[in-house]
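K.L.:
Quick mapping for you: the protein sequence lines, in order, are chains A and B. In this text, residue positions in the first sequence follow my numbering: the first is 9, and each later residue adds one. In this text, residue positions in the second sequence follow my numbering: the first is 35, and each later residue adds one. Cβ coordinates follow ideal geometry from the N, Cα and C atoms, glycine included. These numbers come from a predicted model, not from an experiment. Below is a structure I'd like to ask you about.
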Amino acid sequence: MHLNNEENAMLAGDFGPAVKWALEHQLQVGRMFDAKDMVAVSQSHMMADPESLGEAGVAFTEKLAETNTRVCIPMITDPRGVDLEYYKPIGQTESMAVLERRFIAACKKMGITMTNTCINYQTIMPPVFGDHVAFGDTGVVIYSNSVCGARSNFEGGPSALAAGLTGRTPRYGLHLDSNRRSTKRYQVAEEPNDLMDWGLLGATIGRMAGSYWEVPVIEGIEKVPSSDQLKHFGAAMASYGSVPLFHIVGITPECNKLEDVGGLSLGVKKITDEAIRNLKEPFTAVGDPVDVVVFAAPQLSIIEMSKLAELCNGRERAAKTDVIVCTSAQVYADAVSMGYVAKIETFGGQVLVGTCFYQQYAREIGESNGWKRLLSNSAKIVNILGGYGYQPSLATMEACIASAEKGIIVK
Amino acid sequence: MRKELKCHVGIGPEVRGVALVADDNFSARYDLDRINGVFSRPQHKLYGKSYKDVILVLNTAKGGVATAWMLYEMASREIAPKAILFNNANTILAQGAALAKMAMVDRFEDGDVTKLVKTGDHLIVCPDEGKVVFVN
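Pasting the structure below:
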């Protein structure tokens with residue numbers, strides 16, 4: 009890879025050992041993906057919950073922080089794994105909280121802003137068209153690439169941290185125009201409406217596309233979707249297919265017309281109702297008792313919190329069915345002032361702040377609380393939690409609340 | 035029988051080990067019980083199998099970014115694969131391998147690596163040279 013004078017100085021250790029580590033890390037990754045040089049990035053966003061970090065990851069980060077090196081671009085964080093104001097009641101241990109506190113301290117020492125959110129594109133500082141960024145969280149990346157027209161690869165925690173320290177990232181993947189052209193073309197027969205249906209559509213396309221290196225272009229969406237709809241659509245597509253970018257003809261900014269992304273020559277695959285039903289079928293369990301209803305993945309926007317509060321208003325959950333809601337601190341403050349949190353809590357729900365359910369020791373809290381049958385309106389979360397010992401099911405937000413009220417899954 | 039497979043230059047050290055192969059995808063978050071070192075997603079084709087010290091051979095990566103930290107954490111406890119071979123790695127897996135100092139290669143010249151390698155094959159993985167050598 010070609011390095012400029014500043015990058016060579018970083019590699020030589022002139023900026024300290026933390027920056028030297030960061031550039032060496034980036035060179036290894038860049039070599040594997042044939043990067044020719046580095047590209048400056050305007051922001052970094054790091055996924056790093058204590059369950060994935062473990063003692064090793066926290067100690068690694070602390071060691072970097074001990075060098076007194078600070079990040080050189082705005083750097084923010086994905087949801088935490090422990091809501092430090094509410095962790096013992098959901099079965100998290102003190103050792104989990106200690107790990108979380110240590111990591112937060114190390115991040116702050118490096119100048120990282122603890123936003124703890126996976127909806128930064130709705131709440132913090134959305135990237136602008138053409139903006140090169142180093143974002144973690146697949147939902148953040150696919151939304152930023154597709155809806156904002158920014159340029160980011162999936163940057164795992166270590167690489168996002170490296171980008172924060174060097175202010176750049178290897179120029180490969182979606183930083184290159186050539187990799188942003190469509191490779192698969194899909195025709196949607198019916199435009200979804202509910203958030204769950206948008207998630208199912210994204211999941212179906214993600215599963216069909218099936219690779220980080222595929223770029224779906226989608227036809228048949230006429231009505232401009234909301235930010236929340238595209239949030240669920242993208243998060244599910246990334247979850248099921250590891251897909252980091254999609255185009256919707258006439259909707260997303262790089263694809264006013266199909267030919268803008270090279271889609272004319274691609275064969276069309278129809279997204280049938282049957283394909284969507286097949287994806288949903290394993291997540292259908294009407295009539296089963298439900299242990300926990302979860303609204304998360306991605307964290308809820310203020311609009312989703314508003315809708316949820318209205319659904320909860322004047323009702324009460326069944327005694328044996330817990331309700332967990334995950335949102336960001338930024339949304340939470342508004343949701344408190346608007347009375348949404350009070351309505352959800354009166355229903356019997358618990359609003360967690362700055363966390364996301366699957367990132368907070370999902371196996372351990374499931375075992376601690378006896379949660380097995382889980383219900384959510386997030387196609388992403390039901391995809392993840394099967395490996396954590398849950399029996400996940402999928403329903404609309406309305407059906408989730410009705411199920412929580414009755415204690416069994418209803419249509 | 036093939037003696038070696040050419041692939042793209044990868045990441046990590048040269049390692050020797052026994053292959054565990056499936057035509058399936060991979061996420062440390064979605065698929066693994068990392069405490070016990072086994073595949074824990076019931077739908078995964080390697081469900082119930084131990085991944086400790088094997089050379090995993092899979093199709094591609096799926097899902098989220100957590101695997102980047104998780105490979106490092108798994109390697110620190112020495113309950114990790116020695117190497118992972120993919121038809122196509124994604125960026126997260128490569129980044130995780132770099133931090134964990136785990137061997138990883140992808141893009142095989144002769145086709146689908148999940149068909150070219152069989153479970154139980156003894157392999158040497160050479161990321162710097164972009165090749166995998168059969169030793170049995």
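Using a Cβ-Cβ distance cut-off of 7 Å, determine whether E163 (chain B) contacts chain A.
P.N.:
no
K.L.:
Apart from the five residues just before and just after L133 (chain B), which ones in its own chain have a Cβ nearer than 6 Å to its Cβ?
P.N.:
Y106
K.L.:
Assign K278 (chain A) to one of three DSSP states: helix, strand, or coil.
P.N.:
strand
K.L.:
Counting only beta-carbon atoms, is T125 (chain B) nearer than 7 Å to chain A?
P.N.:
Yes - at least one Cβ of chain A is within 7 Å of the one on T125 (chain B).
K.L.:
What separation, rounded to the nearest whole angstrom, lies between the Cα atoms of R20 (chain B) and K239 (chain A)?
P.N.:
Residue 20 (chain B) lies beyond the stretch modelled for chain B, which goes from 35 to 170, so this question has no answer here.
K.L.:
Give the C-beta separation of F291 (chain A) and S401 (chain A) to the nearest angstrom, bearing in mind that I take them to be a contact with Cβ-Cβ under 8 Å.
P.N.:
5 Å
K.L.:
Taking 7 Å as the limit between beta carbons, can you name the residues of its chain near G271 (chain A), skipping five residues before and five after?
P.N.:
S190, R193 and V225
K.L.:
Check whether the Cβ atoms of G214 (chain A) and V251 (chain A) sit closer than 7 Å, and answer yes or no.
P.N.:
yes
K.L.:
Counting only Cβ-Cβ distances shorter than 8 Å, please list the residues of the region 208-227 of chain A near chain B, keeping chain order.
P.N.:
Identification of residues in the region 208-227 of chain A having a C-beta nearer than 8 Å to some C-beta of chain B yields G218, S219, Y220 and W221, given in sequence order.
K.L.:
So within the region 85-147 of chain B, which uninterrupted alpha helix (DSSP H) runs reach at least 4 residues, ignoring any that extend past its ends?
P.N.:
101-110 and 125-134
K.L.:
Is T148 (chain B) closer than 7 Å to D57 (chain B) when the C-beta atoms are compared?
P.N.:
yes
K.L.:
Using C-beta distances below 6 Å, list every residue in its chain close to D91 (chain A), excluding the 5 sequence neighbours before and after it, in chain order.
P.N.:
L360, V361 and T363
K.L.:
What's the C-alpha gap between L287 (chain A) and Q399 (chain A)?
P.N.:
15 Å
K.L.:
In chain order, which continuous runs of the alpha helix (DSSP H) of length 4 or greater are located wholly inside the region 263-330 of chain A?
P.N.:
281-288 and 310-320
K.L.:
Leaving aside the five residues before and after A102 (chain B) along the sequence, list all residues of the same chain whose C-beta is less than 6 Å from its C-beta, in chain order.
P.N.:
I126, Q129 and G130
K.L.:
Among residues of its own chain, excluding the 5 on either side of D42 (chain A), which ones have a beta-carbon nearer than 8 Å to its beta-carbon?
P.N.:
Y180
K.L.:
Would you report the Cα separation of G144 (chain A) and E112 (chain B), rounded to the nearest angstrom?
P.N.:
26 Å
K.L.:
On a CA-only basis, which of B:V55, B:P115 and B:K96 is nearest P47 (chain B)? Give me that one, please.
P.N.:
B:P115
K.L.:
Quick check: the region 76-84 of chain A against the region 104-112 of chain A, are there 3 or more CB pairs under 8 Å?
P.N.:
no
K.L.:
Use the C-beta contact count for R285 (chain A): other C-beta atoms within 10 angstroms, 16 or more gives buried, fewer gives exposed.
P.N.:
exposed
K.L.:
Classify D185 (chain A): buried if its beta carbon has 16 or more other beta carbons within 10 angstroms, exposed otherwise.
P.N.:
exposed
K.L.:
With 9 Å as the C-beta to C-beta threshold (strictly closer), list the residues of the region 154-170 of chain A near chain B in chain order.
P.N.:
N161, F162, E163, G164, G165, P166, S167, A168 and A170
K.L.:
Does any CB atom of chain B fall closer than 7 Å to the CB of H33 (chain A)?
P.N.:
It does: the Cβ of H33 (chain A) has a partner Cβ on chain B nearer than 7 Å.
K.L.:
Helix, strand or coil for T121 (chain A), going by three-state DSSP, please let me know.
P.N.:
strand
K.L.:
Which residue spans inside the region 389-414 of chain A form an unbroken beta strand (DSSP E) run of at least 3?
P.N.:
If we require 3 residues or more, the beta strand (DSSP E) runs fully inside the region 389-414 of chain A come out as 399-402.
K.L.:
Just the chain A side, please: which residues come within less than 7 Å of S74 (chain B) by C-beta, in chain order?
P.N.:
Correct list: G395.
K.L.:
Just by C-beta distance, which residues in the region 36-65 of chain B are closer than 9 Å to chain A?
P.N.:
Shown in chain order are the members of the region 36-65 of chain B whose Cβ falls below 9 Å from a Cβ of chain A: H42, V43, G44, I45, G46, N59, S61, A62, R63, Y64 and D65.
K.L.:
From what residue to what residue does the beta strand (DSSP E) around H42 (chain B) run?
P.N.:
Per DSSP, H42 (chain B) belongs to no beta strand (DSSP E) and is neither H nor E.
K.L.:
Three or more C-beta pairs under 8 Å: does that hold for the region 253-266 of chain A against the region 226-234 of chain A?
P.N.:
yes
K.L.:
In chain B, what lies closer than 8 Å to Q307 (chain A) by C-beta?
P.N.:
Within chain B, no residue comes near Q307 (chain A); the closest Cβ sits about 14 Å away, beyond 8 Å.
K.L.:
Here's the rule I'm using: 16 or more other beta-carbon atoms within 10 Å means buried, otherwise exposed. How should H53 (chain A) be labelled?
P.N.:
buried
K.L.:
Please state whether the Cβ-Cβ distance between A142 (chain A) and A114 (chain A) is less than 7 Å.
P.N.:
no
K.L.:
To be precise: take each residue of the region 110-122 of chain B, compare its Cβ to all Cβ atoms of chain A, and keep it if any distance is under 7 Å. Which residues remain?
P.N.:
S110 and N122
K.L.:
Please list, in chain order, the chain A residues whose beta carbon lies closer than 8 Å to that of K79 (chain B).
P.N.:
Residues of chain A passing the Cβ test: none, with the nearest at roughly 13 Å.
K.L.:
Could you work out which residue in A:G164, A:A317 and A:V301 is closest to H33 (chain A) when comparing CA atoms only?
P.N.:
A:G164
K.L.:
Run through chain B and tell me which residues come within less than 8 Å of F41 (chain A), C-beta to C-beta.
P.N.:
T125 and A128
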